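Residues 724 to 1116 in this note's numbering are what the sequence shown lists, from first letter to last. Quick reminder that beta carbons are idealized off the backbone N, C-alpha and C, glycines included. The structure presented is a predicted model; accordingly, all values stated were derived computationally and were not measured.
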Amino acid sequence: MQYHAANTDSLMYITNRPDLVFERGEGSWLYDHNGKAYLDFIQGWAVNCLGHCPPEIAAALSAQATTLINPSPAFYNAPMVELAGLLTGHSCFDRVFFANTGAEANEGAIKLARKWGRINKKGAHQIITFDHSFHGRTLATMSASGKAGWDTLYAPQVPGFPKAIYNDIASVEALIGPDTVAVMLEPVQGEGGVIPAAPEFLKALRELTRANGMLLIVDEVQSGMGRTGKLFAYQHAGIEPDIMTLGKGIGGGVPLSALLAREEVCCFEAGDQGGTYNGNPLMTAVGVAVIKRLLAPGFLDQVEATGKYLSASLIKLVEKHQLKGERGSGMLRALILDDERAPQIVAKALALSPNGLLLNAPRANLLRFMPSLTVTNDEIDQMCSLLDGLLAR
Ligand SMILES: *Cc1c(COP(=O)(O)O)cnc(C)c1O
724 MQYHAANTDS LMYITNRPDL VFERGEGSWL YDHNGKAYLD FIQGWAVNCL
774 GHCPPEIAAA LSAQATTLIN PSPAFYNAPM VELAGLLTGH SCFDRVFFAN
824 TGAEANEGAI KLARKWGRIN KKGAHQIITF DHSFHGRTLA TMSASGKAGW
874 DTLYAPQVPG FPKAIYNDIA SVEALIGPDT VAVMLEPVQG EGGVIPAAPE
924 FLKALRELTR ANGMLLIVDE VQSGMGRTGK LFAYQHAGIE PDIMTLGKGI
974 GGGVPLSALL AREEVCCFEA GDQGGTYNGN PLMTAVGVAV IKRLLAPGFL
1024 DQVEATGKYL SASLIKLVEK HQLKGERGSG MLRALILDDE RAPQIVAKAL
1074 ALSPNGLLLN APRANLLRFM PSLTVTNDEI DQMCSLLDGL LAR
């Protein structure tokens, strides 16, 4: 059924979208223009960490909207200051720069590392990144990403991002030269197929970068903000990186991201970095509401427990349907099929009735699960029962 065909024709084509319009969301459920309900295990792409339209975000937005929306990035505002303090108070970092998207936070991390290299490492500017990594869709972050085909799409690339092999420390060591300033990685590769870095690999990277006077940058745009059961995924490995970026979950659905760094690394001078909307109180007020909920007693324990339940439930499907396996960290998980039918399963899940199911297939043999951190065991059971039917041959 065509919904306002003229309206959708006015949108620039960038991807194939189903012919329906979502109108309303609540918790783990989305509702389309026909009133059909969908159980949402995508949640805005691991963004809505508290589900759809959580009361604390609605309250923060409406209170801030009637107080102060944007005094300009040239001035401090109260939510920006409060959120920065909450982030530094619960991480190993000393300072925060706010931005709007994950890619923009990563651009900031790249600039900070290059500036630091110019001052402290004779102009070293290369940042080692990884095959199959994803850091965003700006030219520099696409160049940093290890996604197949992205080296030629929009060529020429931004130079300076040699690619190592994930979880292979020797491949990193082999790329280090006089021009290398940093290593940047996702503690869990999300778009690459939900592949966690081994804690020993992260520890070895920390030692290697330290021994070579290099920076370690973690892109926690997807893995941060409670997604893996700890506030930040690097904490599982017991390491302290130099720079971290956050996005997605930090805004709980609104555009907010952050670049965090240790004091010694903070070398921006006036005019080096900025942006019109950066740190605006409307978005940072939401960030405050989100992180306060994540830090509430028992919340992260609950995420860890629910992540284990999701994992165990997926393992049951693996056994029943003789699939390849299940992997992930906390509430970012993937089911590895024994064939290439993940895209068909995603399409069939959407079309289920009376209730649809929203899933994602980052690869043809892989289904990814990134529900709200507040998803219930009952909702996981509902999802698995729908998926069980779709997996049956
Ligand atoms: C989504 C993502 C990004 C890009 O974030 P945008 O907000 O889409 O710019 C960067 N890094 C990782 C690890 C991501 O998952």
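Item	Value
Nearest candidate by alpha-carbon position, reference G997, set S814, F798 and L1058	F798
Min CB distance G872 to chain B below 8 Å	No chain B appears in this structure, which consists of one protein chain only.
Spatial distance of M907 from R929 (CA atoms)	11 Å
Span separating the alpha-carbon of N1088 from that of G1048	11 Å
Cβ-Cβ distance between L969 and E986 below 8 Å	no
Pairwise C-alpha distance: S733 and A921	46 Å
Nearest neighbour of I892, chosen from T864, G872, F924 and T875 [CA to CA]	F924
Check: S751 C-beta below 7 Å from any heavy atom of ligand 1	no
Reference N890; option with closest CA among P910, W752, M1093 and L1114	P910
Endpoints, the alpha helix (DSSP H) within which T932 is located	P922 to A934
A774, buried or exposed, once every other Cβ within 10 Å from all chains shown has been counted against 16	Just to set this straight, residue 774 is Gly in the shown sequence, not Ala. So G774 ends up on the buried side.
Length of the line joining the Cα atoms of V988 and D965	7 Å
Whole runs of the beta strand (DSSP E) within the segment 731-766, excluding any shorter than 3 residues	745-749, 752-755 and 760-763
Exposure of I962, with buried meaning 16 or more beta-carbon neighbours within 10 Å	buried
Cα-Cα separation between T790 and A822, rounded to whole angstroms	21 Å
Closest residue to L1060 among L876, I1038 and M1054 (Cα-Cα distance)	I1038
Under the three-state DSSP convention, the category L898 falls into	coil
Cα-Cα separation between A1019 and A981, rounded to whole angstroms	21 Å
Boundaries of the alpha helix (DSSP H) in which R818 is found, first to last residue	Note, R818: premise wrong, no alpha helix (DSSP H); beta strand (DSSP E) at R818 to A822.
The segment 865-878 contacting the segment 950-958, beta-carbon criterion three pairs below 8 Å	no
Stretch pair the segment 793-813 + the segment 1006-1021: three plus CB contacts closer than 8 Å	yes
Closer than 7 Å: D902 CB and nearest ligand 1 heavy atom	no
Three-state class that DSSP yields for L784 in the structure shown	helix
Heavy atom of ligand 1 within 7 Å of D854 beta-carbon	no
Check: F1092 C-beta below 7 Å from any heavy atom of ligand 1	no
Contact set for S751: own chain, Cβ-Cβ below 7 Å, skip 5 residues either direction	L762, D763, G774, P1094, S1095, V1098 and E1102
Heavy atom of ligand 1 within 7 Å of R860 beta-carbon	yes
Buried or exposed (CB count within 10 angstroms, at least 16 for buried), M724	Unreliable positioning characterises M724 in this predicted model, as indicated by a pLDDT of 47, which lies under 50. A coordinate reading is not provided.
For K886, the residue or residues it bridges with in DSSP	T852
Euclidean distance between Cα positions of R1016 and F1022	7 Å
With 16 other Cβ atoms within 10 Å as the buried cut-off, status of V883	Residue 883 is actually Gly in this sequence, not Val. Looking at its Cβ environment, which holds 16 or more other Cβ atoms inside 10 Å, G883 is buried.
Cβ contact (3+ pairs, closer than 8 Å) linking the segment 830-838 and the segment 860-868	yes
Any non-hydrogen atom of ligand 1 within 7 Å of A1057 CB	no
Extent of the continuous beta strand (DSSP E) run through P1085	N1083 to R1086
Exposure label - K971; buried when at least 16 CB within 10 Å	buried
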